[in-house]
Amino acid sequence: MNSMMPAKIFAVLACMAISATGLQYEPGTPCDFSGLDVEGPINRMIEQLPESEVRRSIASNAKFLGVEFLPLKITGLNKIKRYGAIVPFCVNGTRMIQVDFAQMDGVALTLPWRTCTGKEGDLQLRAKISRFTTLFRVEATELGEVIRLVLEGPTIPGTTGELMIYAHGGGFLLPISMGYVSLVFPAALQEIWNMEFFASFVTSVRGVLA
Numbered sequence: 001m002n003s004m005m006p007a008k009i010f011a012v013l014a015c016m017a018i019s020a021t022g023l024q025y026e027p028g029t030p031c032d033f034s035g036l037d038v039e040g041p042i043n044r045m046i047e048q049l050p051e052s053e054v055r056r057s058i059a060s061n062a063k064f065l066g067v068e069f070l071p072l073k074i075t076g077l078n079k080i081k082r083y084g085a086i087v088p089f090c091v092n093g094t095r096m097i098q099v100d101f102a103q104m105d106g107v108a109l110t111l112p113w114r115t116c117t118g119k120e121g122d123l124q125l126r127a128k129i130s131r132f133t134t135l136f137r138v139e140a141t142e143l144g145e146v147i148r149l150v151l152e153g154p155t156i157p158g159t160t161g162e163l164m165i166y167a168h169g170g171g172f173l174l175p176i177s178m179g180y181v182s183l184v185f186p187a188a189l190q191e192i193w194n195m196e197f198f199a200s201f202v203t204s205v206r207g208v209l210a
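Note that the UniProt record's numbering has the sequence shown beginning at 1, numbered continuously upward.
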């Protein structure tokens, strides 16, 4: 694990604690959020998220027992929704917002495969629900107009429910075995989801905000 990750997670938890006390900001200070529209830029960002993204994973282009795995495809990023209210707060005079997001069975991680004999198929990982939190820095004019959002992160998983891996192609035994994997190795599926889905979300958001 990145040595900075515990510190980042602690920073997020600290920001949540501060916001929960109602000490997000003070009107009339350089970090005043009064009259500042942060919902509009966040909503527009979500609307611009791509439907899909192709990324290289650990398994990409790997071969195992004559099976070649192709680049991973993440679909449904445009189905991510904002969850709950945006929480504004300040850090040393810098405007920040905490935003919760959720996806309801709309995102899929698909790993295509093919064999040397020409057979093709894919493995698909889906979560019935996935909620997560991240932080943005808000840059605004003196007139209270948001001119830029910057994804500061980190992106922290909240709730992930009913992770299942599905198989297409490869005969009737493969889907059965994947169902068994979903039940027996939930922690492994959770790690894959956290690593690939959140990395794709961060990349897509930064691309939209660039």
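Think of the CB as a built atom: it goes at the ideal place given N, C-alpha and C, for glycine as much as any other residue.
Alpha carbons only, please: which of 85, 177, 194 is nearest the one belonging to residue 98?
85
In this structure, how does DSSP classify residue 209 when only helix, strand and coil are distinguished?
helix
Residue 68 - DSSP class collapsed to helix/strand/coil:
strand
Note down, in chain order, each residue of its chain lying with its Cβ closer than 7 Å to the Cβ of residue 83, except the 5 sequence neighbours on either side.
100, 101, 102, 131
Would you list the one or two residues that DSSP bridges to residue 100?
133
Using a Cβ-Cβ cut-off of 6 Å (strictly less than) and excluding sequence neighbours within five positions of residue 56, which residues of its own chain qualify?
71
Whose C-beta lies closer than 6 Å to the C-beta of residue 112 among residues of the same chain, with five residues either side of it excluded?
70, 122
Residue 196 to residue 115, Cα distance in whole Å?
24 Å
Please state the DSSP three-state secondary structure of residue 186.
helix
Separation of residue 202 from residue 139, as counted between CA atoms
19 Å
Spatial neighbours of residue 22 in its chain, beta-carbon cut-off 6 Å, leaving aside the 5 residues before and after:
Only weak support exists for where residue 22 lies, its pLDDT of 40 falling under 50; the value from the coordinates is given anyway. Closer than 6 Å at Cβ, skipping near neighbours: no residue.
Output the distance between the C-alpha atoms of residue 91 and residue 154, rounded to the nearest integer angstrom.
15 Å
DSSP three-state label for residue 200, please.
helix
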